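Chemist:
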Amino acid sequence: MRARVRGIYTTAITQRLLDADHDVVQASPPIRERFDHEFGFAPADVAASTTADRQGVGLSGDPDAVRTLREDLAGVAVDALSWDDPAPEGAVFLAPVTDAMGSGAVVDLGDREAFLPFDDADGYVEPGDVRRVQVVDAAPPWGDDRPEVAEALGVRGGLVALDRARSGVSANVRGERATELVRTTELLQPDPPDGWGVRWQRAAADADMSALGDALDAASDRARALDALPDGDPDDVPVRLDTSLEEVPAAATAWVWFGRESRFALDDDRRAVATTMPGHHRVKAGSASASDAVDFAEGVLAHAGDGAWGDADETDDLPFAAVVDAFGPRDDGTITIEHGKPEGDRYTLGRGRITALDADAGKLTVERDMTGGGTYDALGIPREEGDVAITKLTEGNWWYPTVYRSEDGETKGTYVNVCTPVELFPDGARYVDLHVDVVKHADGTVERVDDDELDAAVDAGHVPPALADRARTVATSVQNALQ
């Protein structure tokens, strides 16, 4: 398997791939400097890129290669979760338009909705239209964004892209190398189908003639296959069209979300080849400024001659207080509680006031004002105007409690959520809910709930058995502590 890797997890993933005897291609200059390894520029079978929110990676490319890398990364640690995407990058659908918005339209792909910008549509778009669209930017299931689609077909790769919306040959490279690439194209005797423009990508600037030729041939084969796609039946939509391709495999995308333990496991992979501070990936996942700060701190030590941050056995502790001092969250500030689900969705439970923060202990308390209506899950008591939810969150804990109190301060009950280890980022507390929970009623009765939902999630493949076992163990410990 040949993989192209980009983003904050690149060094760790590269190390894992090389240990598994896979090839890493089109490596970035820092990776080529960091590893004692000869990296080639052949076309990649799979591309791995960090998601925009830095919580995990997206994998796109050949289905077998995507499956292989997904299985490897999902095994990083017990709190890594993964999903196949029903709307993978490069997939082509015949889809109905369901809504029109300010800058584009919403189209129904079946298992997901997608966004079609008007600039990427052929003519006027209105609800009820049926359009042939291609996914150009897949979106992770835990985010709020829809995948983005366009009507003009394209073939996108790390070295070269072919596009129906372009013409001729161009290069996304600066300086004389751009001119050289355009001229080199003639020497390669390209054979892209009519109507497809060629656009060399940045990585092509360092590739040799053989790699460029292989990439252009592979892209041309896929373009010809896309030209041969069936039209589809407008009365039978939505329908995916590219699964009928015989010459090239259908596009595939998968997503891997890393929990706190997974980030520390990836630190160990990275530490094998580069100076790596405690909590490297955990800090980088917090914000762009935090990521830059990690690079600076590690760069200072590396250039000072320290080959490593320290003994790996002594670097398990995250410098949480230092992270809070530099980036937040802040005492008297606010924070959202971002409630992930094993199926891949994510919900915001609301933004609350930080009423207490102990950075040295990695703890904070959040208060949220509740609206009236309905009942509290599992507690079975009314949710009333004036109620307050007091949540205590601890970095790294596999559970957290929320106490519900009435307007006059009376305790209405406690709900303890069992989840993957909590991470307290500057903008939100993040975790994935593991279904099973423990509640303590106002009369002191303790009850464990939703074991059946956890069992169902395991049967559906949403929660790995090892992670489910950990959740049950945590729930038992919480239940015993509350009784």
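Every letter in the sequence shown is one number past the one before it in UniProt numbering, and letter 401, counting from 1, is 401.
Beta carbons are placed, not taken as given, at the ideal position from N, Cα and C, and that holds for glycine.
Model, not experiment: these values are computed from the prediction.
Can you give me the C-alpha to C-alpha distance between residue 165 and residue 119, rounded to a whole angstrom?
Modeler: Between residue 165 and residue 119, the C-alpha separation is close to 11 Å.
Chemist: Which same chain residues, not among the five before or five after residue 110, have their C-beta less than 6 Å away from its C-beta?
Modeler: Within the same chain, residue 110 has close Cβ partners 238.
Chemist: When you compare each of 248, 452 and 20 to residue 2 by their alpha carbons, which one comes out closest?
Modeler: Selected option, being the one with the closest Cα: 20.
Chemist: Helix, strand or coil for residue 54 per DSSP?
Modeler: Residue 54 falls in the coil class under three-state DSSP.
Chemist: Who pairs with residue 400 in a beta bridge, going by DSSP?
Modeler: Partner(s): 417.
Chemist: Report the three-state DSSP secondary structure of residue 462 (helix, strand or coil).
Modeler: Three-state result, residue 462: coil.
Chemist: Between which two residues does the alpha helix (DSSP H) harbouring residue 498 extend?
Modeler: Nothing about residue 498 can be reported from this structure: the residues present for the chain run from 1 to 483 only.
Chemist: Going along the chain, which residues of its own chain have a beta-carbon closer than 8 Å to the beta-carbon of residue 371, five neighbours each way excluded?
Modeler: Closer than 8 Å at the Cβ level, and outside the excluded window around residue 371, lie 383 and 385.
Chemist: Could you check where the beta strand (DSSP E) with residue 434 kicks off and where it finishes?
Modeler: Start and end: 428-441.
Chemist: According to DSSP, simplified to helix, strand and coil, what is residue 13?
Modeler: Here residue 13 sits in helix by DSSP.
Chemist: If you reduce the DSSP assignment to three classes, tell me which class residue 213 lands in.
Modeler: If DSSP states are grouped into helix, strand and coil, residue 213 belongs with the helices.
Chemist: Does the count of Cβ pairs from the region 86-98 and the region 124-135 closer than 8 Å reach three?
Modeler: With the cut-off at 8 Å, the region 86-98 and the region 124-135 touch.
Chemist: Nearest-angstrom Cα distance between residue 473 and residue 344?
Modeler: Approximately 23 Å, taken between the alpha carbons.
Chemist: Taking the alpha-carbon positions, what's the residue 326 to residue 247 distance?
Modeler: If you take the alpha carbons of residue 326 and residue 247, they lie about 53 Å apart.
Chemist: Hey, how far is the Cα of residue 424 from the Cα of residue 40?
Modeler: Going by the C-alpha atoms only, they are around 39 Å apart.
Chemist: Might you give, ordered along the chain, the residues of its own chain that have their beta carbon closer than 7 Å to the beta carbon of residue 413, omitting 5 neighbours on each side?
Modeler: So the qualifying residues of the chain are 376, 379, 381, 404, 439, 440, 441 and 442.
Chemist: In this structure, how does DSSP classify residue 327 when only helix, strand and coil are distinguished?
Modeler: Helix at residue 327.
Chemist: Using a Cβ-Cβ cut-off of 6 Å (strictly less than) and excluding sequence neighbours within five positions of residue 217, which residues of its own chain qualify?
Modeler: Cβ neighbours of residue 217 beyond the five flanking positions: none.
Chemist: Report back the beta-carbon spacing between residue 169 and residue 149 to the nearest angstrom; my notes put them in contact at under 8 Å.
Modeler: Between residue 149 and residue 169 the Cβ distance is about 26 Å, and since that is not below 8 Å, they are no contact.
Chemist: What residues in its chain sit with their C-beta under 6 Å from that of residue 391, if we drop five residues either side in the sequence?
Modeler: Result list for residue 391: 366 and 402, in chain order.
Chemist: Which partner residues of residue 388 appear in the DSSP bridge assignment?
Modeler: 369 and 405.
Chemist: Would you call the region 257-266 in contact with the region 59-68, where contact means no fewer than 3 C-beta pairs closer than 8 Å?
Modeler: Not touching, per the Cβ criterion.
Chemist: With the cut-off set at 9 Å, would you say residue 43 and residue 232 are in Cβ contact?
Modeler: No, Cβ-Cβ distance for residue 43 and residue 232 is not below 9 Å.
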